[in-house]
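Single-structure report; data block below.
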Ligand code: AMP
Ligand code: MG
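Given below as structure tokens:
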């Protein structure tokens, strides 16, 4: 159902949804068109090392040692204009142009130099063509450099800059409305009374969405009454591509949401075999009259428990948002680590436990859980740097067993 609705809603599929941004604004945006390299990279043969460039014909010898005369120096951005003949070499810096007569570089540290006029090195220290970067070896002119649908990372921006490209066409930011539902919720700055609590989901969701560089429409706290909920849903349907709510989908409250959603769109309620995050709703709001373009608003009704919000976001919402925004690669990378302690686990549901990844005494990647794992205990998320993901059929985990993990933060 999720995939079908995403395909149907096609939030960002027309040219009006593409915008041009400068490289310094492009991080985490989604590239809207293939970038073909307008140049060869590198644009000319150049040295990969600080050393001496020479013609490799001189290596065709039985003599154990080679002696060459240094005829000049080439710097990056300051090429050597003369020629390099037989028995000669050129002192060359990394990135400096290779002279036409030379095809090989011997790194400086492999040479002995009496007086900087003659250098000596062992014949077997270097092979023909080594330590030279060839024109176009990184990227040939006209070849694809970055494919459309790429979630742009720092290296992509550097790559675009290395091609002389100053602006990129990217998909516009997805507009995502968020709301927190519950009579017990208070905004920051308000007094807490009678068992009320601060609305923390708004901020963890905002943080999660900001990581994806989306436009956030904050619909605030919505009371547990049909009129307020309907008004908030209508507001989201008017402006947003996606609505994410937290709370109000557990037994009892779900009826409420269901009733309103029947009027405004379509929704399904799911009891998912996962922990935390069992109750969830997913559906769509029909476009309200006057919405332009007339598109459905996808609706994710997440559970209210603060950890469950983050886990269900990770498991269901994140990839959907990226896909809607036109990203090709949406799956986070899983890896494995050794569990330092036993973990209790019932087969028949997928569990997302919060953990700290470090190293075992013998240097292997190792995880330990961050204390109590209740769905409402946000500290267990805050202290963690990864999920331990225990698969549906897995049972108890013994200390020393390998488990799947997903890291919270990307590095580059
Ligand atoms: P619910 O899914 O509405 O039954 O909520 C489950 C639990 O999460 C309850 O203890 C709620 O008080 C709590 N909760 C719901 N929404 C929020 C929120 N926005 N911030 C913090 N806790 C919440
Ligand atoms: Mg509630």
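Residue numbers (my numbering): 150 to 561.
From the three backbone atoms N, C-alpha and C, an ideal C-beta is built for every residue, glycine too.
* Any beta strand (DSSP E) of 3 or more consecutive residues that is wholly inside the stretch 386-418 -> For the stretch 386-418, whole beta strand (DSSP E) runs of length 3 or above, ordered along the chain, are 391-395.
* Reduced DSSP category for residue 427 - H, G, I as helix; E, B as strand; rest coil -> For the purposes of this step, residue 427 is identified with residue 278 of the chain shown, where counting begins at 1. The answer is coil: DSSP assigns residue 427 none of H, G, I, E or B.
* Asked: Would you call the CB atoms of residue 456 and residue 425 closer than 8 Å?
  -> Along the chain shown, read from residue 1 onward, the residue named residue 456 stands at position 307. Along the chain shown, read from residue 1 onward, the residue named residue 425 stands at position 276. Going by C-beta atoms, residue 456 is nearer than 8 Å to residue 425.
* Assign residue 243 to one of three DSSP states: helix, strand, or coil. => For the purposes of this step, residue 243 is identified with residue 94 of the chain shown, where counting begins at 1. Of the three classes helix, strand and coil, the one that applies to residue 243 here is coil, per DSSP.
* Measuring CA to CA, which of 462, 182, 459, 552 is closest to residue 301? -> On the chain shown, position 152 is the one that residue 301 refers to. It is 182 whose Cα lies nearest to the Cα of residue 301.
* What residues are listed by DSSP as bridge partners for residue 190? -> Stepping through the chain shown from its first residue, residue 190 is reached at position 41. DSSP lists 288 as partners of residue 190.
* **Residue interval of the alpha helix (DSSP H) (run including residue 472)** => The residue labelled residue 472 in the question sits at position 323 within the chain shown. Taken as a continuous stretch (DSSP letters only), the alpha helix (DSSP H) holding residue 472 covers 467-473.
* Where the beta strand (DSSP E) through residue 232 begins and ends -> Residue 232 sits at position 83 when you count from the first residue of the chain shown. Here residue 232 belongs to no beta strand (DSSP E), and DSSP marks it neither H nor E.
* Asked: Where residue 554 and residue 487 are concerned, what is the direct C-alpha to C-alpha distance, given to the nearest angstrom?
  -> As a first step, residue 554 is located in the chain shown; it is residue number 405 there, counting from the start. As a first step, residue 487 is located in the chain shown; it is residue number 338 there, counting from the start. Spanning the two alpha carbons is a distance of roughly 10 Å.
* **For residue 217, the three-state DSSP class (helix, strand or coil)** => Looking up residue 217 in the chain shown gives position 68. Correct three-state label for residue 217: strand.
* Say the cut is 7 Å; is the CB of residue 313 nearer than that to a heavy atom of ligand 2? -> If you number the chain shown from 1, residue 313 lands on position 164. For ligand 2, not one heavy atom lies less than 7 Å from the Cβ of residue 313.
* To do: Give a yes or no on whether the C-beta atoms belonging to residue 563 and residue 256 are separated by under 8 Å.
  => The structure shown does not extend to residue 563, since the chain is modelled only from 150 through 561, so no value can be given for it.
* Asked: What residue does the alpha helix (DSSP H) around residue 236 start on, and which one ends it?
  -> Along the chain shown, one-based indexing puts residue 236 at 87. Where residue 236 is concerned, there is no enclosing alpha helix (DSSP H), given that its DSSP letter is neither H nor E.
* Would DSSP call residue 459 helix, strand or coil? -> Working through the chain shown from its first residue, we reach residue 459 at position 310. DSSP places residue 459 in helix when its eight states are reduced to three.
* Kindly list the residues whose CB is nearer than 8 Å to the CB of residue 557, restricted to its own chain and excluding five residues on each side of it in sequence; keep chain order. => Here the question's residue 557 lines up with position 408 in the chain shown. These residues qualify, in order along the chain: 533, 534, 535, 536.
* Asked: Between the stretch 175-189 and the stretch 469-482, do three or more beta carbon pairs fall short of 8 Å?
  -> yes
* Asked: For residue 524 versus residue 454, is the C-beta distance shorter than 8 Å?
  -> Translated into positions along the chain shown, residue 524 becomes position 375. Translated into positions along the chain shown, residue 454 becomes position 305. It is a contact, given that the beta carbons lie within the stated cut-off.
* the stretch 335-350 in contact with the stretch 188-197 per 3-pair CB rule at 8 Å -> no
* The beta strand (DSSP E) enclosing residue 369, as first and last residue numbers -> Translated into positions along the chain shown, residue 369 becomes position 220. If you look at residue 369, you'll find it in the beta strand (DSSP E) that goes 364-371.
* Candidates 167, 331, 373, of which the one nearest residue 297 by Cα -> Translated into positions along the chain shown, residue 297 becomes position 148. Of 167, 331, 373, the residue nearest in Cα terms is 167.
* Asked: Between the stretch 285-292 and the stretch 208-223, do at least 3 Cβ pairs fall closer than 8 Å?
  -> no
* **For residue 355, the first and last residue of its enclosing alpha helix (DSSP H)** => Along the chain shown, read from residue 1 onward, the residue named residue 355 stands at position 206. Run containing residue 355: 350-360, per the alpha helix (DSSP H) assignment.
* To do: Quick one: give me the first and last residue of the alpha helix (DSSP H) that residue 303 is part of.
  => Position 154 of the chain shown, counting from 1, holds the residue named residue 303. First-last of the alpha helix (DSSP H) with residue 303: 303-311.
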